[in-house]
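Input: a single structure, listed below in structure tokens.
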Amino acid sequence: MEQQSIFMGSETVAGQVVSSGHSLTITNFQEPRWLTYPNRGGIAGLSVFPLRRAGRIAGTFTVMSTRPEYFLPSRLALIEEYSNLVALTLPDEAFYEFKDIELGVMPLPHLQAPYLSHFRERVLQVLREATTRGQPMNNAQAELLVRHHLEEELFLI
Numbered sequence: 004m005e006q007q008s009i010f011m012g013s014e015t016v017a018g019q020v021v022s023s024g025h026s027l028t029i030t031n032f033q034e035p036r037w038l039t040y041p042n043r044g045g046i047a048g049l050s051v052f053p054l055r056r057a058g059r060i061a062g063t064f065t066v067m068s069t070r071p072e073y074f075l076p077s078r079l080a081l082i083e084e085y086s087n088l089v090a091l092t093l094p095d096e097a098f099y100e101f102k103d104i105e106l107g108v109m110p111l112p113h114l115q116a117p118y119l120s121h122f123r124e125r126v127l128q129v130l131r132e133a134t135t136r137g138q139p140m141n142n143a144q145a146e147l148l149v150r151h152h153l154e155e156e157l158f159l160i
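Written as structure tokens, this is what we have:
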């Protein structure tokens, strides 16, 4: 399976879940209300659960299906339990208060690609600059800083 990193904003299902704190399942993208949803790419349905802990949120856990009507109640219960387990593995600093999250609309993935293609190089540059200034940081801190810069750049597109 191909891995692709993109920023998801308020216009996405994940963005809606982060903003509301509640799960959302689309069992069939062919239903009229979902036909305008962009970039389905062969996905017939998806289920998105918030990664929550102690009233805070770290992101979402998403399961996609190429088969319509795949998300039966028993599968949804299993996905929810799995998302709860994933949330337990995340460090406390990965979680944010809902009031501190302000999602905006992000550009389509193909417009983000040129910015994201150099992510690793940008992280290395931040690490080098921090070391040069005598203020070394770890990889996670550098990645977070680069993500914040990328977010600002993408909002300007």
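Heads up: the sequence shown begins at 4 in this note's numbering, then just goes up one per residue.
In this text, a Cβ means the ideal position worked out from N, Cα and C, and glycines have one as well.
All values reported here derive from a predicted model rather than from experimental measurement.
- For V20 against S26, the beta-carbon gap comes to about 6 Å, under 8 Å, which counts as contact.
- The shortest CA-to-CA distance from I29 to any of Y73, N87 and I9 is the one to Y73.
- The C-beta distance from R55 to A80 rounds to 16 Å, too long to meet the 8 Å contact threshold.
- Taking all protein chains shown into account, A145 has 16 or more neighbouring C-beta atoms within 10 Å of its C-beta and is therefore buried.
- According to the DSSP secondary-structure assignment, Y99 is paired through a beta bridge with I60.
- If one requires a minimum length of 3 residues, no beta strand (DSSP E) run lies completely within the segment 106–134.
- Judged by their CB atoms, S86 and F52 are nearer to each other than the 8 Å cut-off.
- Closest in alpha carbon position to A17, among Q33, S50, F32 and I46, is S50.
- Around the beta carbon of F158, fewer than 16 other beta carbons sit within 10 angstroms, so the residue counts as exposed.
- Here the C-alpha atom of G62 lies approximately 29 Å from the C-alpha atom of Q138.
- Taking the C-beta atoms as reference points, F10 is found nearer than 8 Å to M109.
- By the neighbour-count criterion, in which 16 or more other beta carbons inside 10 Å mark a residue as buried, L130 falls on the buried side.
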